[in-house]
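Trainee: Line by line, the protein sequences are chains A and B. So that you can map any letter, position 213 of the first sequence is 213 in UniProt numbering, and since no number is skipped, the others follow by simple counting. So that you can map any letter, position 192 of the second sequence is 192 in UniProt numbering, and since no number is skipped, the others follow by simple counting. Every residue gets a Cβ at the ideal spot worked out from N, C-alpha and C, and that includes glycine. One structure is given below, represented as structure tokens, and several questions about it will come after.
Protein chains: 2
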Amino acid sequence: MKGPEIEAAWHGLASCDRCQIHDLVLFADLTPEDFGAIHLPIDDLWLPPGAVLYRAETAQPALFTLREGLVKLEQYLPDGARRIVSLIGPGDVVGLEAMLGAAYEHDAVALLPSKLCRIPTPVIQRLSDKLGQALMRKWHDSVRNAHACLRELSTGAARQRVARLFLRLAPPEARRCRLFGREDVGALLGVTTETASKTVAEFKRQSVIREIAPNLFERDLAALTRIADGD
Amino acid sequence: MKGPEIEAAWHGLASCDRCQIHDLVLFADLTPEDFGAIHLPIDDLWLPPGAVLYRAETAQPALFTLREGLVKLEQYLPDGARRIVSLIGPGDVVGLEAMLGAAYEHDAVALLPSKLCRIPTPVIQRLSDKLGQALMRKWHDSVRNAHACLRELSTGAARQRVARLFLRLAPPEARRCRLFGREDVGALLGVTTETASKTVAEFKRQSVIREIAPNLFERDLAALTRIADGD
DNA sequence: CGGAATCTTGAGGAGTTTCAAAACATGTGG
DNA sequence: CCACATGTTTTGAAACTCCTCAAGATTCCG
């Protein structure tokens, strides 16, 4: 049931102070001196789609910042049903539970090619007074993200959910967005793979979306918004 | 659409050090000296069902600990659809976003008669080094709770969701549990009020549950578990 | 004892799932 | 470069679930 393990590529050591998305991430408020005090390696990772970042029930003294791409957090019900409980986008942090010394609670898997930083928890702890608020903001983001997934992606008819997903896949100013496999779309929206596929196909026929390349779409934002709010 | 505002009853000042659920709450690790350092009033509140603890978009420099009862956090979609995104039980903290100086993000409303403490955020901030881990644990609980609501209460057929709700309404050792209004059951499970009502009625006919008194049920845990895991 | 909610029930229809098969894509080895 | 195997996406038809609408029963409260 679980796919083959795909190894992450180690990309090198990160230079946080020259990070592209500097103000999005955890270390936004740090001074150059603070960076000097980091004595543990912050690894730079690249994951292809389907690659596993970590598995539930495992533990590492590290959390991750997503710089680019898209990651899913999935959990399983006692009856084996699989559900994606959160979509992680650029700037978000994954694996915050490591700060409590706890095991990870989800499978974290890349949905699109993704770049991440692996930050050892001792680094965070050492800078904790500097980071206090920023860290809490990331917790806050996790809660908000979870509530948004419930509110927007698990409520209403299937076509509304798919529409809201397309609106969520890229910022409003971007016309194009990239989608992932239909099985994952289903597990995220709480519908079957077939319903996910049929709905996406229907949107294509109605030119609410247009498929430029495999799983790369151009969106009609007005039409999508209309559908998202109930036809 | 929103019900009438029901005022909370102010119950008195809390004595945290003699709290009934002492080890569940935020202040579990504090010493008597720490309690002495609290110079802001920690109010003791009692809410009847339907009473509003706070509204979304409003702000107070305070968070709340639920000692007894059940509270819902609800949000609205652009199209007006209402959704309960989290169920708050005894020991849980509500309104953690106040720690970031932000406005509340949900309507928080009592589902059952509830007892809470109102803790001013400066109290937490003053004790922050003592509380660091405990506070983070509460954030963690919030995320876990949100994911559990998505995973168990918004996945699968309606009868599975209702069964999982009944299993969640009280600890496994308790035979009886109390339920709230059908409209709220629907908003929590992502089904209509009618479906919620029909499913509860069906469970009664099949004696999976037995109604002792209005909205007080005796549960057949084995049967509920069987249904929850897919018939 | 009304009157207003809330809960229950029913019938019909829309939407989703299920099952099965075909179309398409991808990667491997000949 | 093609043939083939594998996996994903699409499509269709039938069964089923859930929603909609409407009405009746029940509870709650003034």
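Can you confirm whether Ala-146 of chain B, when its beta carbon is compared against all beta carbons of chain A, has any partner nearer than 8 Å?
Mentor: Yes, Ala-146 of chain B counts as interfacial toward chain A.
Trainee: Measuring only the C-alpha atoms, how far is Phe-35 of chain A from Cys-16 of chain A?
Mentor: Near 8 Å, if we compare the C-alpha coordinates of Cys-16 of chain A and Phe-35 of chain A.
Trainee: Which residue comes first and which comes last in the alpha helix (DSSP H) that contains Ile-124 of chain B?
Mentor: Here the alpha helix (DSSP H) through Ile-124 of chain B covers 121-126.
Trainee: Determine the contact status of Leu-216 of chain A and Arg-178 of chain A, defining contact as a CB-CB distance below 8 Å.
Mentor: Yes, Cβ-Cβ distance for Leu-216 of chain A and Arg-178 of chain A is below 8 Å.
Trainee: Against His-140 of chain A, what residues of chain B qualify as contacts under a CB-to-CB distance less than 8 Å, listed in chain order?
Mentor: Within chain B, the residues near His-140 of chain A are Leu-96, Glu-97, Leu-100, Ala-102, Trp-139.
Trainee: Of all the CB atoms in chain A, is at least one closer than 8 Å to the CB of Val-85 of chain B?
Mentor: It does: the Cβ of Val-85 of chain B has a partner Cβ on chain A nearer than 8 Å.
Trainee: Decide if Gln-125 of chain B is buried, meaning its Cβ has at least 16 other Cβ atoms within 10 Å, or exposed.
Mentor: Per the 10 Å Cβ criterion, exposed.
Trainee: Looking at the C-beta of Val-71 of chain B, does it have a partner C-beta in chain A at a distance below 8 Å?
Mentor: No, its Cβ sits nowhere closer than 8 Å to a Cβ of chain A.
Trainee: How many Å lie between Asp-44 of chain A and Leu-112 of chain A at the Cα?
Mentor: Roughly 17 Å between the two C-alpha positions.
Trainee: So, with DSSP's three-state summary, where would you put Ile-209 of chain B?
Mentor: Residue state, collapsed to three classes: strand.
Trainee: Are any of the Cβ atoms in chain A nearer than 8 Å to that of Leu-112 of chain B?
Mentor: Closer than 8 Å: no.
Trainee: In its own chain, which residues sit with a C-beta less than 6 Å from the C-beta of Ala-158 of chain B, not counting the 5 before and 5 after it?
Mentor: Cβ neighbours of Ala-158 of chain B beyond the five flanking positions: Val-191, Thr-195, Thr-199.
Trainee: Who are the Cβ neighbours of Leu-100 of chain B in its own chain at under 8 Å, not counting the five residues just before and after it?
Mentor: Around Leu-100 of chain B: no qualifying Cβ.
Trainee: Once the 5 residues before and after Tyr-54 of chain B are set aside, which same chain residues still bring their CB inside 6 Å of it?
Mentor: Cβ within range, chain order: Tyr-104, Ala-108.
Trainee: Name the chain A residues that come within less than 7 Å of Ala-81 of chain B, Cβ to Cβ?
Mentor: Residues of chain A passing the Cβ test: Thr-155, Gly-156.
Trainee: Identify which residue in B:Leu-96, B:Ala-228, B:Gln-160 has its Cα closest to the Cα of Leu-26 of chain B.
Mentor: Closest by alpha carbon: B:Leu-96.
Trainee: Could you pull out every residue in the same chain whose Cβ sits closer than 8 Å to the Cβ of Trp-139 of chain A, ignoring the five residues on either side in sequence?
Mentor: These residues qualify, in order along the chain: Leu-96.
Trainee: Under 7 Å Cβ-Cβ, which residues of chain A neighbour Gln-60 of chain B?
Mentor: What Gln-60 of chain B touches in chain A: nothing, since even the nearest Cβ is about 16 Å away.
Trainee: So what does Glu-218 of chain B bridge to, in DSSP terms?
Mentor: DSSP, once it has assigned bridges, lists B:Arg-176, B:Arg-210 as partnering Glu-218 of chain B.
Trainee: Exposed or buried, Gly-156 of chain B, counting other C-beta atoms within 10 Å across all chains shown (16 or more means buried)?
Mentor: Gly-156 of chain B should be labelled buried.
Trainee: Answer yes or no: do Val-93 of chain A and Thr-65 of chain A have a C-beta to C-beta separation smaller than 8 Å?
Mentor: Contact flag set, yes.
Trainee: What number of angstroms, rounded off, separates the C-alpha of Lys-204 of chain A from the C-alpha of Arg-226 of chain A?
Mentor: Spanning the two alpha carbons is a distance of roughly 16 Å.
Trainee: Taking a contact to mean a Cβ-Cβ separation below 8 Å, would you say Leu-167 of chain B touches Ile-84 of chain B in this structure?
Mentor: No.
Trainee: From Leu-73 of chain B to Ile-38 of chain A, what does the alpha carbon distance come to, in whole angstroms?
Mentor: Answer to the nearest angstrom: the Cα atoms are 40 Å apart.
Trainee: If we ignore side chains and look at the alpha-carbon of each, how far apart do Val-123 of chain A and Asp-129 of chain A end up?
Mentor: Rounded to the nearest angstrom, the two C-alpha atoms are 12 Å apart.
Trainee: Does Leu-150 of chain A have its Cβ less than 8 Å from a Cβ in chain B?
Mentor: Taking Cβ atoms only, chain B reaches closer than 8 Å to Leu-150 of chain A, which makes this a yes.
Trainee: Within 10 angstroms of its Cβ, does Gly-186 of chain B collect 16 or more other Cβ (buried), or is it exposed?
Mentor: Gly-186 of chain B should be labelled buried.
Trainee: Which residues in chain B sit within 8 Å of Glu-105 of chain A, going by Cβ to Cβ distance?
Mentor: The contacting residues are Arg-144, His-147.
Trainee: Going by Cα to Cα distance, which pick from A:Leu-30, A:Ser-114, A:Gly-80 is closest to Leu-70 of chain A?
Mentor: Residue A:Ser-114 is the option with its Cα nearest to Leu-70 of chain A.
Trainee: Kindly indicate the opening and closing residues of the beta strand (DSSP E) around Arg-83 of chain B.
Mentor: Unbroken beta strand (DSSP E) run through Arg-83 of chain B: 82-88.
Trainee: Is there at least one Cβ from chain B nearer than 8 Å to Pro-90 of chain A's Cβ?
Mentor: So no, Pro-90 of chain A is outside the interface.
Trainee: Determine the direct distance from the alpha carbon of Ala-134 of chain B to that of Ala-81 of chain B, and round the result to whole angstroms.
Mentor: Distance between the alpha carbons of Ala-81 of chain B and Ala-134 of chain B: 35 Å.
Trainee: Between which two residues does the beta strand (DSSP E) containing Ala-108 of chain B stretch?
Mentor: Segment 107-110, the beta strand (DSSP E) holding Ala-108 of chain B.
Trainee: I need the boundaries of the beta strand (DSSP E) containing Phe-35 of chain A, first residue and last residue.
Mentor: Per DSSP, Phe-35 of chain A belongs to no beta strand (DSSP E); it is in the alpha helix (DSSP H), 32-36.
Trainee: State yes or no: is the C-beta of Arg-67 of chain A within less than 8 Å of the C-beta of Cys-117 of chain A?
Mentor: A contact, by the Cβ cut-off of 8 Å.
Trainee: For the ligand ZN, I want to know if Thr-58 of chain A counts as a neighbour, meaning its beta carbon is within less than 7 Å of at least one of the ligand's heavy atoms.
Mentor: With respect to the ligand ZN, the structure shown offers nothing to examine, as it has no ligands at all.
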